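**Student:** First the structure, which I've put down as structure tokens, then a few questions once you've had a look.
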Amino acid sequence: MEPASFPQLPCFPCPHRAACCAYGATVSEEEAAAIIADHGDGKVYRTRWGEWRTRIKAGRCVFFVDGGCAIHARSYYPAVCRGFPWRDAETGGPYEYDRTICPEFVLRPELTKVYPFEPPRRKS
Ligand code: SF4
């Protein structure tokens with residue numbers, strides 16, 4: 001069950017230099033189109049598997065500028081980033097991947113229990 005509220009994380013400013021932005025982000029077709037319309041086609045790319053992602057520059061997402069996200073207030077702020085580290089953008093349920101890319105989850109392991117991801121049970 002989803003908690004009424006999630007614990008606060010020190011995202012602004014982040015003491016971990018936004019470690020969660022180190023890998024870039026997956027963006028939807030619509031988000032990619034909006035980003036390209038506003039920023040040109042140099043900030044996102046399509047992988048060989050057809051997934052759109054933001055590019056990485058100097059170890060961080062290209063939109064990580066001056067200690068923050070340059071598109072945080074835009075309508076096309078990626079749903080993946082909006083949900084991290086709690087909600088998964090695709091399912092709307094708990095974030096399904098490694099939350100410890102946010103070092104707060106290493107420093108405060110109790111956070112991993114707040115909204116745990118339980119893989120769906122297989123039918124036998
Ligand atoms: S989620 Fe974690 S790593 Fe990302 S900005 Fe917030 S505190 Fe920093």
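Residue numbering for the sequence shown follows the numbering used here, beginning at 1 and increasing consecutively.
Note that the Cβ used here is the ideal one computed from N, Cα and C, for glycine as well.
Please read these numbers as outputs of a predicted model, since none were measured by experiment.
1) On the premise that Ser28 lies in contact with Ala73, defined as a C-beta separation below 8 Å, what is that separation, rounded to the nearest angstrom?
2) Thinking C-beta only, is Arg60 closer than 9 Å to Cys21?
3) Using a Cβ-based criterion (distance less than 8 Å to any ligand heavy atom), does Cys20 qualify as near the ligand SF4?
4) Just how far apart, CA to CA, sit Tyr76 and Thr26?
5) Are there 16 or more other CB atoms within 10 angstroms of the CB of Tyr95, so buried, or fewer, so exposed?
6) For Tyr45, which beta-bridge partners are listed by DSSP?
7) Buried or exposed, going by whether 16 or more other CB atoms sit within 10 Å of the CB of Lys113?
8) Got a sec: does the ligand SF4 put a non-hydrogen atom nearer than 8 Å to the Cβ of Ile101?
9) Specify the secondary structure class of Phe64 as computed by DSSP and reduced to three states.
10) Taking Pro103 as the reference, give the member of Ala18, Pro3 and Glu2 with the closest Cα.
11) What would DSSP say about Cys81, mapped onto helix, strand or coil?
**Tutor:** Result, derived from the coordinates:
1) Within the sequence shown, numbered from 1, the residue matching residue 73 stands at position 73. Within the sequence shown, numbered from 1, the residue matching residue 28 stands at position 28. Incorrect: roughly 18 Å between the Cβ atoms, too far for contact.
2) The residue labelled residue 21 in the question sits at position 21 within the sequence shown. The residue labelled residue 60 in the question sits at position 60 within the sequence shown. Cβ distance < 9 Å, so Cys21 and Arg60 count as in contact.
3) To locate residue 20, count along the sequence shown from 1; it is residue 20. Checking the Cβ of Cys20 against the ligand SF4 gives yes.
4) Position 76 of the sequence shown, counted from the start, is the residue given in the question as residue 76. Position 26 of the sequence shown, counted from the start, is the residue given in the question as residue 26. Those two C-alpha atoms are separated by around 12 Å.
5) Numbered from 1 along the sequence shown, position 95 holds the residue referred to as residue 95. By the 10 Å Cβ count, Tyr95 comes out buried.
6) Within the sequence shown, numbered from 1, the residue matching residue 45 stands at position 45. Beta-bridge annotation (DSSP): Tyr45 is paired with Arg53.
7) Locating residue 113 in the sequence shown gives position 113, where the first residue counts as 1. So Lys113 counts as exposed.
8) On the sequence shown, position 101 is the one that residue 101 refers to. Yes.
9) Here the question's residue 64 lines up with position 64 in the sequence shown. Strand at Phe64.
10) Along the sequence shown, read from residue 1 onward, the residue named residue 103 stands at position 103. When each option's Cα is compared against that of Pro103, the closest is Ala18.
11) Along the sequence shown, one-based indexing puts residue 81 at 81. Here Cys81 sits in helix by DSSP.
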